[in-house]
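Peer 1: Structure below; questions to follow.
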Amino acid sequence: MISKDKYLRFCDEVYVPIYSKSWWMDAVCLPDNWDVWLYESGGSILAAMPYYTETRGTHKYITKAPLTQNNGIIFKIEEGVKLETSAKFQEHVIDAANNFIETLGIDVYEQQYHYSFENWLPFYWNRYTALTRYTYVINDTFDTERIWQEISSSYRNLIRKGYKTAEVFEGNDADEFWHLHKKIFEKQGLECPFPYDLWIRLYCSCKQHNCGKILYAKNMDGDISSMLFLVWDEQSVYHLLGGSVPEYQHLQTYNMLTWEGIKLASQMGLKYDFEGSVIKRISKSMRQFGGKPMPYFRIRKVFNPDIVRTEAENQIVIMDKKD
133 MISKDKYLRF CDEVYVPIYS KSWWMDAVCL PDNWDVWLYE SGGSILAAMP YYTETRGTHK
193 YITKAPLTQN NGIIFKIEEG VKLETSAKFQ EHVIDAANNF IETLGIDVYE QQYHYSFENW
253 LPFYWNRYTA LTRYTYVIND TFDTERIWQE ISSSYRNLIR KGYKTAEVFE GNDADEFWHL
313 HKKIFEKQGL ECPFPYDLWI RLYCSCKQHN CGKILYAKNM DGDISSMLFL VWDEQSVYHL
373 LGGSVPEYQH LQTYNMLTWE GIKLASQMGL KYDFEGSVIK RISKSMRQFG GKPMPYFRIR
433 KVFNPDIVRT EAENQIVIMD KKD
């Protein structure tokens, strides 16, 4: 608890993405399932690494928290510091973090880092690996007319179609949102990837901290045809959850809600982060809105040799099937 109390003060001094804020971690992980490592010097906290732990069978993981795009190390770097000084500092912190991770007795470390973290080389020197992933970001949302012109013509038409068939409403019923969102996955024969109680905790926490909003598109009969849940921090609005209700997918109202999210970011003077995906069709959709692809790293190290062998064997099986 001492570390978490100190971390709260750190969050007041440094920009911390919403996914690493203490209250977010409490909501999605529950307090006993996450902790934070602090790098302190001269009585000041200069870096922090919030992390979520999960047990799978007999193995212990530091891994991605539910509904959480990124965690990883957050550095406190003063403005005007030379690049060489900053790089040396980050290398020193990462080495210290690696030493800490090895004391935990975990089997796997795997965290996704915010796209502002650009140099994972010190991890490589410590025998970690990194997988590059992408989110899409509109960095400057001030001029919505310019953004509108940068959206593909086909998507502008879909947005116009959405406004002709539905109206936009703000929702306040978390229960309704979850059950509608669940329908999207049921249509695909899948379970909703996050449980109801987790969603309720997160929604209530976001409302408590005034950084979350549900948007609905309602058709002319008053039925909800699509929904979107947006969250935001001091720098960005995030396109967290949403989709079209299966029976109204033909109305094409989800793109309209995305445009409403971009306009909200503009009103707040924030970036718009589409959250990203490596799935081709989703990635292409975000690109149609003019989002810039921003690479970020999933950094990983397996400490348990049994898991190393199992993963290697599974990869051989996959390659054999492709052949």
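In our numbering, each residue's number is its place in the sequence shown (first place is 1) plus 132. A virtual CB, placed ideally from N, CA and C, is assigned to each residue, including glycine.
In its own chain, which residues sit with a C-beta less than 8 Å from the C-beta of Gly393, not counting the 5 before and 5 after it?
Peer 2: What you label residue 393 is simply residue 261 of the sequence shown in a count that begins at 1. Closer than 8 Å at Cβ, skipping near neighbours: Leu347, Leu360, Leu362, Val369, His371, Tyr404.
Peer 1: Kindly identify the DSSP beta-bridge partner or partners of Ala180.
Peer 2: Locating residue 180 in the sequence shown gives position 48, counting from the first residue. Answer is Leu170, Ile206.
Peer 1: Taking Ile177 as the reference, give the member of Asp164, Ser135, Pro325 with the closest Cα.
Peer 2: Residue 177 sits at position 45 when you count from the first residue of the sequence shown. It is Ser135 whose Cα lies nearest to the Cα of Ile177.
Peer 1: Alpha carbon to alpha carbon, what distance is there between Thr185 and Trp166?
Peer 2: The count along the sequence shown starts at 1 and reaches residue 166 at position 34. The count along the sequence shown starts at 1 and reaches residue 185 at position 53. In a straight line, the C-alpha of Trp166 is about 6 Å away from that of Thr185.
Peer 1: For the 8 Å Cβ check, are there 3 or more pairs between the region 304 to 314 and the region 268 to 280?
Peer 2: With a cut-off of 8 Å, the region 268 to 280 and the region 304 to 314 do not count as touching, because too few Cβ pairs lie within range.
Peer 1: Beta-carbon within less than 6 Å of Leu199's beta-carbon, same chain only, minus the 5 sequence neighbours each way: which residues are those?
Peer 2: Position 67 of the sequence shown, counting from 1, holds the residue named residue 199. Same-chain partners within the cutoff: Val160, Phe326.
Peer 1: Can you tell me whether Val240 is buried or exposed? The criterion is at least 16 other CB atoms within 10 Å of its CB, across all chains shown.
Peer 2: Position 108 of the sequence shown, counting from 1, holds the residue named residue 240. It is buried - the Cβ of Val240 has at least 16 other Cβ atoms within 10 Å.
Peer 1: Can you list, in chain order, the stretches of the beta strand (DSSP E) that have 3 or more residues and sit fully within the region 370 to 413?
Peer 2: Taking only runs of at least 3 residues, the beta strand (DSSP E) segments lying wholly in the region 370 to 413 are 403 to 405.
Peer 1: Is the region 413 to 429 touching the region 218 to 229 in the sense that three or more CB pairs, one from each, lie closer than 8 Å?
Peer 2: No: fewer than three Cβ pairs fall under 8 Å.
Peer 1: Measure from the alpha carbon of Ile356 to the alpha carbon of each residue in Ser173, Ala262, Glu302, then state which is nearest.
Peer 2: Counted from its first residue, the sequence shown places residue 356 at position 224. If we check each option's Cα against that of Ile356, Glu302 comes out closest.
Peer 1: Mind reading off the beta-carbon distance from Ala229 to Trp169? Whole number of angstroms is fine, and I expect it under 8 Å.
Peer 2: For the purposes of this step, residue 229 is identified with residue 97 of the sequence shown, where counting begins at 1. For the purposes of this step, residue 169 is identified with residue 37 of the sequence shown, where counting begins at 1. With a Cβ gap of about 6 Å, Ala229 and Trp169 count as contacting.
Peer 1: CB-CB under 6 Å to Met400, same chain, minus the five flanking residues each way: which ones, in chain order?
Peer 2: As a first step, residue 400 must be located in the sequence shown, where it is residue number 268. Excluding residues within five positions, none has a Cβ falling inside 6 Å.
Peer 1: My assumption, with CB atoms under 8 Å, is that Tyr428 sits in contact with Gln244. Please give the rounded CB distance.
Peer 2: The residue you call residue 428 lines up with position 296 of the sequence shown. The residue you call residue 244 lines up with position 112 of the sequence shown. Confirmed, Cβ separation roughly 6 Å.
Peer 1: Figure out for me which residue from Lys296, Pro425, Lys433 has the closest Cα to the Cα of Asn351.
Peer 2: The residue you call residue 351 lines up with position 219 of the sequence shown. Comparing Cα-Cα distances from Asn351 to each of Lys296, Pro425, Lys433, the minimum goes to Lys296.
Peer 1: Would DSSP call Ile320 helix, strand or coil?
Peer 2: The sequence position of residue 320 within the sequence shown is 188, counting from 1. In the sequence under discussion, the amino acid at residue 320 is Gln, which differs from the Ile named in the question. Correct three-state label for Gln320: coil.
Peer 1: Just verifying my parser: in three-state terms, what is the DSSP assignment at Ile270?
Peer 2: Mapped onto the sequence shown, residue 270 falls at position 138. If DSSP states are grouped into helix, strand and coil, Ile270 belongs with the strands.
Peer 1: Check for me: the beta strand (DSSP E) holding Ser357 runs from which residue to which?
Peer 2: Within the sequence shown, numbered from 1, the residue matching residue 357 stands at position 225. That run of the beta strand (DSSP E) goes 356 to 364.
Peer 1: With a threshold of 7 Å on Cβ separation, who are the neighbours of Thr264 within its own chain once the five nearest residues in sequence on each side are excluded?
Peer 2: Translated into the one-based positions of the sequence shown, residue 264 becomes position 132. Taken in chain order, the residues that qualify are Pro427, Phe429.
Peer 1: Which residue comes first and which comes last in the beta strand (DSSP E) that contains Arg432?
Peer 2: Numbered from its first residue, the sequence shown carries residue 432 at position 300. That run of the beta strand (DSSP E) goes 424 to 434.
Peer 1: Going straight from the alpha carbon of Ile283 to that of Cys336, what length do you get?
Peer 2: Numbered from 1 along the sequence shown, position 151 holds the residue referred to as residue 283. Numbered from 1 along the sequence shown, position 204 holds the residue referred to as residue 336. If you take the alpha carbons of Ile283 and Cys336, they lie about 33 Å apart.
Peer 1: What is the DSSP secondary structure of Ile283, reduced to helix, strand or coil?
Peer 2: Residue numbering aside, residue 283 sits at position 151 when the sequence shown is read from its first letter. Three-state result, Ile283: coil.
Peer 1: Out of Val440, Tyr151, Gln384, which one is the CA nearest neighbour of Asn289?
Peer 2: Residue mapping note: residue 289 aligns to position 157 of the sequence shown, counting from 1. The shortest Cα separation from Asn289 among Val440, Tyr151, Gln384 belongs to Gln384.
Peer 1: Which whole-angstrom value describes the C-beta separation of Asn387 and Gly237, a residue pair presumed to lie in contact below a C-beta threshold of 8 Å?
Peer 2: Here residue 387 refers to the residue found at position 255 when the sequence shown is read from its first residue. Here residue 237 refers to the residue found at position 105 when the sequence shown is read from its first residue. Not confirmed; about 48 Å, so no contact.
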